[in-house]
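For the protein sequence lines, the chains are A and B, in the order given.
Residue numbering for the first sequence is 1 to 241, as defined by my numbering.
Residue numbering for the second sequence is 1 to 362, as defined by my numbering.
Even for Gly, the Cβ is constructed at its ideal location relative to N, Cα and C.
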Amino acid sequence: MSTPGIGVKDVFTANGSAPVEYRRIYVWELPVRAYHWINAIALVALCVTGYLIGAPIRLFNAPEAYEQYWFGWVRFIHFAAAYVYVFNFLARLYWGFVGNKYARWSAFFPLKKSQRQEIVDVIKADVLETKMHGPISTGHNALAGLIYFGTFLAFVFQTITGFALYSSMSSSWLPRMFTWIVPLMGGEFAVRFWHHLFLWFFVTFIIVHIYLAFYHDYIEGRGTVSSIIGGWKFDRENRGK
Amino acid sequence: MGNSIWQNMQQKGYSRRDFLQFCATAATVAGFGKSGVAQVVSAFEKKEKPAVVWMHFQECTCCSESFIRASHPIVADALLDVLSLNYTETLMAPSGFQAEKSLSDTLKNNKGKYIVLVEGAVPTKDDGVYCMIGGKTAESILQTVAADAAAIVAWGSCASNGCVQAAKPNPTGATPIYKLVDKPVINVPGCPPIADVMMAVVTHLLVVGQVPALDSQGRPKEFYGRRVHDTCYRRANYDAGLFVESWDDDGARKGYCLYKMGCKGPVTYNACSVVKWNEGTSYPIQSGHNCIGCSEAGFWDNGPFYQHLASFPGFGVESTADTVGTVVGVATLAGVAAHVVATNVRKRKVIAEVHAEDQKES
Ligand code: HEM
Ligand code: HEM
Ligand code: SF4
Ligand code: SF4
């Protein structure tokens with residue numbers, strides 16, 4: 001195993017009796033954790049400002065336009081967060097080729113039979129709340145990996161439509177590269193419509209994702225939530241290989 | 001025929017002064033500026049005026065109506081006179097066989113030199129029976145006139161992108177011109193297009209004898225290069241977040257931004273906020289109404305004019321992506337809540353099971 005697994009003997013005294021041995025595994029390296037939280041913050045900012053751009057609320061009402069600029073700021077935050085989010089995402093794509101085995105692209109596709117079996121298992125565990133048989137992957141479980149890949153596709157879509165919209169209001173080179181998307185999608189209205197619709201994909205993903213992180217923290221009992229902060233998960237000895 | 005524009009104007013009794021005024025306006029409108037006036041004068045003095053045929057297919061004639069209201073009366077008047085408008089169903093004197101003869105003569109005598117202006121879309125369903133003139137389908141007429149044309153201009157949204165005839169479900173198979181002919185077409189969308197923009201395009205063709213610079217969708221860059229929103233005088237209110245909330249509120253009186261009333265200015269490429277309408281008097285937003293995006297392809301299907309987003313198909317007229325999103329979001333939250341409850345109900349059992357297992361293993 002290439003990952004550093006430190007053989008600490010943690011003593012688990014659940015019923016005050018038999019000790020069970022756990023091993024610490026360094027699962028999420030710093031770039032993955034940094035990516036995760038930068039992405040989470042940028043996405044929340046994008047969703048909130050994006051929603052406001054689509055349906056501005058009556059925030060302040062100064063009598064004259066020169067006295068305030070709040071809608072301009074909302075849009076500015078959207079565009080600034082968009083840049084952070086896109087470059088952060090590109091860094092993660094790169095890390096999929098050079099990171100540890102938990103971060104690599106192979107963890108995102110259920111190519112092996114055991115992975116497909118795990119998907120069925122996890123769906124049963126999550127939806128029907130059955131007990132999982134067999135060990136679950138140490139990194140992303142096979143279902144989570146596949147869903148993250150789907151999310152990455154949505155990231156790509158939102159980036160393309162976002163920059164296509166941005167190309168009509170910016171003269172810098174990056175958005176300029178997306179001008180051709182607009183006629184391809186049948187005009188700016190259509191681009192805007194799809195860009196707006198996908199907002200709700202992200203909202204739904206965030207709700208389910210955060211909940212499942214907590215739920216798996218509970219059913220797996222090996223520090224799922226803290227792993228995305230500190231990087232470590234716990235595995236029983238001789239398991240999870 | 002064979003006359004230049006200047007000769008023609010003289011015959012009609014215009015003075016040299018009128019003629020120069022006309023040239024100056026034409027130069028300005030076509031975007032040549034002051035330095036281009038001489039070029040225009042010499043072109044209009046010497047160049048034989050080109051023959052023009054103006055075809056009418058599936059349309060409402062609003063483009064023609066707009067055209068004859070170009071800002072400078074002499075320009076409108078003169079252009080209609082000066083163009084050898086050899087065929088146009090709505091304005092020509094001859095009718096019946098004479099009219100048809102006039103068309104076929106023009107095509108024959110000016111091979112490769114005449115200009116075709118098309119107003120209206122062309123129906124392609126059911127062998128094109130939905131628009132027939134003189135026993136021929138619009139499509140076959142279009143192919144005939146397009147064959148030897150020097151330039152083809154598609155007037156208005158109908159000819160450029162299908163407009164209302166092509167709106168879902170497009171019962172007649174209305175098709176824009178550029179999809180039917182294998183020549184470059186100058187698209188001048190709008191419902192109708194701005195008179196001065198139409199003038200400029202025609203002037204450009206006459207003076208330079210060339211197609212004006214076009215964007216990737218075949219529209220003259222000069223007039224369709226910017227969004228209505230980019231040069232809208234209410235833009236400061238947009239940036240400030242001052243929006244009209246209903247048609248009769250205080251904001252409407254103060255001229256706040258119409259974004260929340262469904263203004264399509266941010267997604268519409270047109271020159272309304274710069275060139276304006278009716279001799280530069282006003283344009284829809286200045287008159288208090290939101291832009292409905294009339295120069296954008298498919299604007300009828302981008303549904304209700306007074307909504308920022310289109311209605312979401314299958315969820316009733318008023319519902320948008322946000323309605324659907326909210327339903328999905330709330331359903332998800334409800335699912336999560338139900339899951340939390342189920343998990344907690346089973347909690348004791350699960351924890352006991354895990355403990356038992358741990359003991360067995362060690
Ligand atoms: C708010 C927006 C959030 C977004 C968009 C988001 C997105 C993601 C993505 C894309 C991954 C895959 C990471 C990778 O492989 O590079 C991931 C993993 C993870 N996230 Fe989040 N996340 C969010 C919030 C949170 C929060 C609040 C928590 C914890 C309380 C959390 C916990 C985790 C965990 C534990 C993983 C690893 C999952 C696994 O073991 O498979 N996330 N997240
Ligand atoms: C990935 C998360 C993102 C979400 C959830 C999101 C959401 C939204 C929403 C809901 C709108 C309002 C659309 C409307 O109804 O008019 C919007 C507008 C916009 N977004 Fe995004 N967006 C995201 C990413 C991006 C990216 C990466 C860019 C790239 C620059 C971008 C650029 C824009 C632009 C230019 C607008 C139009 C702003 C305007 O009207 O001035 N977005 N976004
Ligand atoms: S009224 Fe319309 S075009 Fe003008 S600033 Fe507001 S949204 Fe833009
Ligand atoms: S303001 Fe918009 S809807 Fe009105 S004429 Fe101009 S482009 Fe058409």
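Chain-order list of residues whose beta-carbon lies under 7 Å from that of residue i (same chain, five-residue window excluded)
{"i": "residue 46 (chain B)", "result": "4"}
{"i": "residue 64 (chain A)", "result": "none"}
{"i": "residue 4 (chain A)", "result": "The pLDDT assigned to residue 4 (chain A) is 43, lower than 50, so where the model puts this residue is not dependable; a value taken from the coordinates is nonetheless given after this. Answer for residue 4 (chain A): 26, listed in chain order."}
{"i": "residue 74 (chain A)", "result": "49, 52 and 53"}
{"i": "residue 112 (chain B)", "result": "148 and 150"}
{"i": "residue 42 (chain A)", "result": "81, 84, 85 and 88"}
{"i": "residue 6 (chain B)", "result": "19, 44 and 45"}
{"i": "residue 189 (chain B)", "result": "156, 157, 160, 161, 219 and 295"}
{"i": "residue 37 (chain B)", "result": "23, 24 and 27"}
{"i": "residue 214 (chain B)", "result": "186, 220 and 221"}
{"i": "residue 343 (chain B)", "result": "none"}
{"i": "residue 139 (chain B)", "result": "122, 124, 128 and 180"}
Residue i beta carbon near ligand 1 (any heavy atom closer than 6 Å)
{"i": "residue 204 (chain B)", "result": "no"}
{"i": "residue 289 (chain B)", "result": "no"}
{"i": "residue 206 (chain A)", "result": "yes"}
{"i": "residue 228 (chain A)", "result": "yes"}
{"i": "residue 32 (chain A)", "result": "yes"}
{"i": "residue 224 (chain A)", "result": "yes"}
Ligand 2 heavy atom lying under 6 Å from the CB of residue i
{"i": "residue 202 (chain A)", "result": "yes"}
{"i": "residue 115 (chain A)", "result": "no"}
{"i": "residue 53 (chain A)", "result": "yes"}
{"i": "residue 307 (chain B)", "result": "no"}
{"i": "residue 241 (chain B)", "result": "no"}
8 Å Cβ shell around residue i - same chain, five flanking residues per side excluded
{"i": "residue 7 (chain A)", "result": "A caution first: residue 7 (chain A) carries a pLDDT of 41, below 50, which makes its placement in the model unreliable, though a value can still be read off. These residues qualify, in order along the chain: 23."}
{"i": "residue 78 (chain A)", "result": "45, 46, 49, 50 and 53"}
{"i": "residue 14 (chain A)", "result": "Annotation note: pLDDT 46 at residue 14 (chain A) (below 50); position unreliable, no value reported."}
{"i": "residue 61 (chain B)", "result": "90 and 119"}
{"i": "residue 301 (chain B)", "result": "167, 168 and 310"}
{"i": "residue 102 (chain B)", "result": "86, 87, 92 and 94"}
{"i": "residue 356 (chain B)", "result": "none"}
Cutoff 6 Å; reference residue i; Cβ partners in own chain excluding five residues on either side
{"i": "residue 240 (chain A)", "result": "The predicted position of residue 240 (chain A) is uncertain, since its pLDDT is 42 and thus under 50; a value taken from the coordinates is nonetheless stated next. 135 and 138."}
{"i": "residue 10 (chain A)", "result": "In this predicted model, residue 10 (chain A) has a pLDDT of only 43, less than 50, meaning its place in the structure is not dependable; the value taken from the coordinates is given anyway. Correct list, in chain order: 22."}
{"i": "residue 307 (chain B)", "result": "262"}
{"i": "residue 63 (chain B)", "result": "119, 155, 156 and 192"}
{"i": "residue 188 (chain A)", "result": "182"}
{"i": "residue 110 (chain B)", "result": "51"}
{"i": "residue 345 (chain B)", "result": "none"}
Heavy atom of ligand 3 within 6 Å of residue i beta-carbon
{"i": "residue 229 (chain B)", "result": "yes"}
{"i": "residue 72 (chain A)", "result": "no"}
{"i": "residue 258 (chain B)", "result": "yes"}
{"i": "residue 226 (chain B)", "result": "no"}
{"i": "residue 166 (chain A)", "result": "no"}
- [ ] Taking a Cβ distance cut-off of 9 Å, strictly less, list which residues of the stretch 107 to 122 of chain A are near chain B, in chain order.
- [x] none
Open item on the list: Which residues of the stretch 347 to 361 of chain B have a Cβ closer than 8 Å to any Cβ of chain A? Give them in chain order.
Closed with: 350, 353, 354, 355, 358, 359 and 361
- [ ] May I ask you to verify whether the stretch 193 to 207 of chain B touches the stretch 232 to 243 of chain B, counting CB pairs closer than 8 Å and requiring at least 3?
- [x] no
- [ ] Select from the stretch 203 to 234 of chain B all residues with a C-beta closer than 7 Å to any C-beta belonging to chain A, and list them in chain order.
- [x] 216, 217 and 227
Open item on the list: Below 8 Å, how does it come out for the stretch 179 to 193 of chain A and the stretch 100 to 119 of chain A: are there three or more Cβ pairs, yes or no?
Closed with: no
TODO: Starting from the N-terminal side, write out each stretch of the alpha helix (DSSP H) that is 4 residues or longer and does not extend beyond the stretch 96 to 144 of chain B.
DONE: 96 to 109
Open item on the list: Three or more C-beta pairs under 8 Å: does that hold for the stretch 122 to 135 of chain B against the stretch 257 to 276 of chain B?
Closed with: no
Open item on the list: In chain order, what are the residue ranges of uninterrupted alpha helix (DSSP H) at least 4 long that sit wholly in the stretch 214 to 240 of chain A?
Closed with: 224 to 230
Task: Length at least 4, wholly inside the stretch 112 to 153 of chain A: the alpha helix (DSSP H) runs in chain order - done: 113 to 123
Open item on the list: What ranges does the alpha helix (DSSP H) occupy inside the stretch 254 to 282 of chain B, keeping only unbroken runs of at least 4 residues that lie completely in it?
Closed with: 272 to 275
- [ ] Using a Cβ-Cβ cut-off of less than 8 Å, list which residues of the stretch 233 to 249 of chain B approach chain A; keep chain order.
- [x] 236, 237, 238, 239, 240, 241, 242, 243 and 245
Task: Near-chain B residues of the stretch 201 to 217 of chain A - C-beta to any C-beta below 8 Å - done: 203, 204, 207, 208, 211 and 215
- [ ] Examine the Cβ distances between the stretch 289 to 302 of chain B and the stretch 142 to 161 of chain B and report whether three or more of them are shorter than 8 Å.
- [x] yes
- [ ] Determine, using beta-carbon pairs with one atom in the stretch 153 to 167 of chain A and one in the stretch 118 to 125 of chain A, whether at least three such pairs fall under 8 Å.
- [x] no
TODO: For the stretch 245 to 256 of chain B and the stretch 221 to 230 of chain B, state whether three or more C-beta atom pairs, one from each stretch, are separated by less than 8 Å.
DONE: no
TODO: May I ask you to list, following chain order, the residues of the stretch 188 to 200 of chain A that have a beta carbon less than 7 Å from some beta carbon of chain B?
DONE: 188, 189, 192, 193, 196, 197, 199 and 200
TODO: Decide if the stretch 319 to 337 of chain B is in contact with the stretch 191 to 208 of chain A; the criterion is three or more beta carbon pairs, one per stretch, under 8 Å apart.
DONE: yes
Task: Short-range partners of chain B found in the stretch 153 to 177 of chain A, where Cβ spacing is below 7 Å - done: 168
Open item on the list: By the 8 Å beta-carbon criterion, what residues does the stretch 275 to 302 of chain B contribute toward chain A?
Closed with: 293, 296, 297, 298, 299 and 302
TODO: Pull out every residue of the stretch 43 to 55 of chain A whose Cβ sits closer than 7 Å to any Cβ of chain B, in chain order.
DONE: 54 and 55
Task: Residues of the stretch 58 to 69 of chain A whose Cβ lies closer than 9 Å to any Cβ of chain B, in chain order - done: 58, 59, 60, 61, 62, 63, 64, 65, 66, 67, 68 and 69
Open item on the list: Could you check whether the stretch 276 to 290 of chain B touches the stretch 204 to 212 of chain B, counting it as contact only if at least three pairs of C-beta atoms, one from each stretch, sit closer than 8 Å?
Closed with: no
Open item on the list: Which residues of the stretch 221 to 235 of chain A have a Cβ closer than 9 Å to any Cβ of chain B? Give them in chain order.
Closed with: 221
TODO: Quick one: which residues of the stretch 127 to 152 of chain A get their C-beta closer than 7 Å to a C-beta of chain B? List them in chain order.
DONE: 129
Open item on the list: Residues of the stretch 333 to 346 of chain B in Cβ contact with chain A at a cutoff of 9 Å, in chain order, please.
Closed with: 333, 335, 336, 339, 340, 342, 343 and 346
Task: Entirely enclosed alpha helix (DSSP H) segments - the stretch 37 to 99 of chain A, minimum 4 residues - done: 70 to 98
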